[in-house]
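**Q** Quick one: this structure, given as structure tokens, is what I'll be asking you about.
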DNA sequence: ACACAAATCCCCACTTTTCCCCACAGACAA
DNA sequence: TTGTCTGTGGGGAAAAGTGGGGATTTGTGT
């Protein structure tokens, strides 16, 4: 499963190296070499493995009736915003321009591993969203700690 | 499957290059060389592969009772507005005049890949329709994120 | 039927983008 | 140190996108 927080750099060509820890997250033997990137639900970019993405699309997105305008917008948001990114031989991806703009990606990025998905944030943006310990107190109760 | 957002240009002859990523969306080996264009449900143009279009027409459109005036209008909108467009040797199409007017296509276009269909928007028009992350939050809940 | 204009499409050339490949730097362990 | 593993930077080839000349086809009017 995907876990952890990473701060890789973006080089002049706009490439971001995906940490090996994440590429190995589903088995040492075969490194992940393709990710599907799309709009995230806050100002970030979500990324999935191919198989998970396909399952998500066909399970959740395709069944949505396109007669409902809201569903059309949802499909545009998630499918229209998506991009299949192959990692190069050094394990880097190039983020499409429209997603960089959406997440306001600049120099510094923060990558989060979140079980079955990855999130890519502009570090400055994540600093604003990042949960602090105080606000987690209530949640701790819900969890039964 | 079709996915992603692209912003090709329209040249002086009115030609639009269909991105190779979309042409390869159903298999590297066989590039798509024909698209069926018709009116979209918002102010855009929809495009299908030949096979999907045929399936849509025979599955959804033909069964509509022509006794109902609304169904006659729907058939005119979708079938009457349709055009079979062959891509030229460089992978470009020319959009029929009536569809360009309908979608208010000008200089800049945005193309979306949406699983089994493509949408072609005037970029300015799509900028107004484009969903933002905030309005998707409710949807995130429905999806179980 | 013929001339002319307009539209269509093939082909070539140029620019931009993408990606493969090599090299190197830093971290860590043997 | 010497090795490997990971992340970083950049040259250069190939692919994709863009623009326009010019031949062929289509349609229109005389």
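Chains as they are written, first to last, in our numbering: chain A, 5 to 149; chain B, 5 to 149. We treat Cβ as the ideally placed atom computed from N, Cα and C, and that holds for glycine. Given the structure is predicted, the values throughout are model-derived calculations rather than measurements.
1) Identify the contact partners of residue 79 of chain A in chain B, using a Cβ-Cβ distance below 8 Å as the criterion.
2) Along chain B, which residues have their Cβ under 9 Å away from the Cβ of residue 83 of chain A?
3) Can you check which of these residues, B/12, B/21 and B/131, is closest to residue 89 of chain B by C-alpha distance?
4) Nearest-angstrom Cα distance between residue 112 of chain A and residue 131 of chain B?
5) By the criterion of Cβ-Cβ separation under 8 Å, what are the contact partners of residue 144 of chain B in chain A?
6) Which residues in the same chain as residue 85 of chain A place their Cβ atom closer than 6 Å to its Cβ, once the five residues preceding and following it in sequence are excluded?
7) According to DSSP, which residues form a beta bridge with residue 50 of chain B?
8) Which complete alpha helix (DSSP H) runs does the stretch 54-84 of chain B hold, if anything under 4 residues is left out?
9) Between which two residues does the beta strand (DSSP E) harbouring residue 2 of chain B extend?
10) Just checking: is the beta-carbon of residue 30 of chain B within a distance shorter than 8 Å of some beta-carbon in chain A?
11) Let me know the secondary structure DSSP gives residue 105 of chain B once reduced to three states.
12) For residue 97 of chain A, collect the residues of the same chain with a Cβ closer than 8 Å to its Cβ; drop the 5 residues on either side in sequence, then sort them by chain order.
13) Please confirm whether residue 76 of chain A has its beta-carbon closer than 8 Å to some beta-carbon of chain B.
14) Which residues does DSSP list as the beta-bridge partners of residue 24 of chain A?
15) What are the boundary residues of the beta strand (DSSP E) that residue 87 of chain B is part of?
16) For residue 134 of chain A, does the three-state DSSP call read helix, strand or coil?
17) Figure out for me which residue from A/15, A/59 and A/10 has the closest Cα to the Cα of residue 119 of chain B.
18) What are the residues that DSSP puts in a beta bridge with residue 165 of chain A?
19) First and last residue of the alpha helix (DSSP H) that includes residue 143 of chain A?
20) Counting only beta-carbon separations shorter than 8 Å, does residue 24 of chain A have a partner in chain B?
21) Looking at the unbroken beta strand (DSSP E) that takes in residue 30 of chain B, where does it start and where does it end?
22) Measure the CB-CB distance between residue 123 of chain A and residue 5 of chain A and report whether it falls below 8 Å.
23) Report all residues from its chain with a CB closer than 8 Å to the CB of residue 46 of chain A; omit the five preceding and five following residues, and keep chain order.
24) If you measure from the beta carbon of residue 63 of chain B to each beta carbon in chain A, is any gap under 8 Å?
25) Along the chain, where does the beta strand (DSSP E) that runs through residue 9 of chain B open and close?
26) Are the beta-carbon atoms of residue 36 of chain A and residue 25 of chain A separated by less than 8 Å?
**A** Quick look at the numbers:
1) As a first step, residue 79 of chain A is located in the first chain; it is residue number 75 there, counting from the start. By Cβ distance, chain B contributes 118 and 119.
2) Position 79 of the first chain, counted from the first residue, corresponds to residue 83 of chain A. By Cβ distance, chain B contributes 5, 6, 7, 8, 116, 117, 118 and 119.
3) As a first step, residue 89 of chain B is located in the second chain; it is residue number 85 there, counting from the start. Answer by Cα proximity: B/21.
4) Stepping through the first chain from its first residue, residue 112 of chain A is reached at position 108. Stepping through the second chain from its first residue, residue 131 of chain B is reached at position 127. Cα to Cα, residue 112 of chain A sits roughly 27 Å from residue 131 of chain B.
5) Translated into positions along the second chain, residue 144 of chain B becomes position 140. The answer, in chain order, is 45.
6) The residue given as residue 85 of chain A occupies position 81 in the first chain. Excluding positions up to five away in sequence, the list reads 42 and 43.
7) Along the second chain, read from residue 1 onward, the residue named residue 50 of chain B stands at position 46. DSSP lists B/42 and B/123 as partners of residue 50 of chain B.
8) 54-60 and 73-79
9) A query on residue 2 of chain B cannot be resolved here, the shown segment of chain B reaching from 5 to 149 and no further.
10) The residue you call residue 30 of chain B lines up with position 26 of the second chain. Not closer than 8 Å to any Cβ of chain A, the Cβ of residue 30 of chain B fails to qualify, so no.
11) Residue 105 of chain B sits at position 101 when you count from the first residue of the second chain. It is helical.
12) Residue 97 of chain A sits at position 93 when you count from the first residue of the first chain. Closer than 8 Å at the Cβ level, and outside the excluded window around residue 97 of chain A, lie 19, 20, 22, 39, 41, 89, 90 and 91.
13) If you number the first chain from 1, residue 76 of chain A lands on position 72. Yes, because at least one Cβ of chain B sits closer than 8 Å to the Cβ of residue 76 of chain A.
14) Position 20 of the first chain, counted from the start, is the residue given in the question as residue 24 of chain A. Answer is none; residue 24 of chain A lacks a bridge partner.
15) As a position in the second chain, residue 87 of chain B is number 83, starting the count at 1. Unbroken beta strand (DSSP E) run through residue 87 of chain B: 87-90.
16) In the first chain, the residue the question calls residue 134 of chain A occupies position 130. Three-state DSSP puts residue 134 of chain A in coil, outside helix and strand.
17) Position 115 of the second chain, counted from the start, is the residue given in the question as residue 119 of chain B. Ranking the options by Cα distance to residue 119 of chain B, first place goes to A/59.
18) Because residue 165 of chain A is not part of the residues shown, which for chain A are 5 to 149, the question remains open.
19) Mapped onto the first chain, residue 143 of chain A falls at position 139. Its alpha helix (DSSP H) spans residues 141-147.
20) Here the question's residue 24 of chain A lines up with position 20 in the first chain. Chain B, which has no Cβ nearer than 8 Å to the Cβ of residue 24 of chain A, makes this no.
21) One-based indexing of the second chain puts residue 30 of chain B at position 26. Where residue 30 of chain B is concerned, there is no enclosing beta strand (DSSP E), given that its DSSP letter is neither H nor E.
22) What you label residue 123 of chain A is simply residue 119 of the first chain in a count that begins at 1. What you label residue 5 of chain A is simply residue 1 of the first chain in a count that begins at 1. Cβ distance not < 8 Å, so residue 123 of chain A and residue 5 of chain A don't count as in contact.
23) By one-based count along the first chain, residue 46 of chain A stands at place 42. Taken in chain order, the residues that qualify are 133.
24) Position 59 of the second chain, counted from the first residue, corresponds to residue 63 of chain B. False, the Cβ-Cβ gap to chain A never drops below 8 Å.
25) Position 5 of the second chain, counted from the start, is the residue given in the question as residue 9 of chain B. Element bounds for residue 9 of chain B: 6-10.
26) Walking along the first chain from the start, residue 36 of chain A turns up at place 32. Walking along the first chain from the start, residue 25 of chain A turns up at place 21. Their beta carbons are not under 8 Å apart, which means residue 36 of chain A does not touch residue 25 of chain A by this criterion.
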